[in-house]
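Heads up, the numbering used here is the position in the sequence shown plus 1203, with the first residue counted as 1.
Think of the CB as a built atom: it goes at the ideal place given N, C-alpha and C, for glycine as much as any other residue.
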Amino acid sequence: MKSIPNWAGLIEQRQYKACPVVIRETEQGTDVLVFRHPLAGIQLVKGTVEPGEHVQDTALRELEEEAGISSAKVIQDLAIWPADYEQQVWHFLLCETQTLPERWNHMASDDGGHRFELFWHPLCEQPDNHWHDVYVRALQTIQQRLKEARLKMENSE
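Here it is in structure tokens:
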């Protein structure tokens, strides 16, 4: 049985992360929003929950800082995930936005001014070697949680 996280300790040590998940449906399936960091490969939008900040607010702040998206809203809590990386715990939150372009660039306000290239990654495709292992595992978790949420919706109809 998993132990209950010490949220205050995780926040204090900057190990509690919010990961806003933005998806779109296409004829080929579900895509998730990701970005290419110029120094660290392909990643999901993610950031540290600051002391006194609600995880939903962190998710929306990170979308604005890392992707330039200011019109998002959190629509579903997907998962709390022990990342097995630097003792971090990630909180996945499904977010809804206006229609977004196929790809775009954004100067990140919280990453020393790096330019991020944002684009859609099909969930049916395996991540390549440009992805850090923790993001590959995070993507698998997101895929599983979305599948579970869809099954739950279908069974309730």
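LEU1247 has its alpha-carbon roughly 15 Å from the corresponding atom of ASP1313. GLY1244 and ARG1353 have their C-alpha atoms spaced approximately 30 Å apart. Secondary structure note for GLU1299: its beta strand (DSSP E) is the uninterrupted segment 1292-1299. Boundaries around ASP1280 are those of the beta strand (DSSP E), 1276-1285, since no alpha helix (DSSP H) includes it. The beta carbon of ASP1280 is closer than 7 Å to those of LEU1296 in its chain, skipping five residues each way along the sequence. ALA1221 sits in a strand when the DSSP states are folded into three classes. GLU1320 sits close to ASN1308, with the two beta carbons spaced by under 8 Å. For ASN1332, there is no enclosing alpha helix (DSSP H), as DSSP marks it with neither H nor E. In the structure shown, GLN1231 adopts coil according to DSSP, grouped into three states.
For LEU1321, the enclosing beta strand (DSSP E) begins and ends at 1318-1325. Annotated as proximal: GLY1250 and GLU1265, with beta-carbon spacing under 8 Å.
Counting the other Cβ atoms within 10 Å of the Cβ of LYS1350 gives fewer than 16, which makes it exposed.
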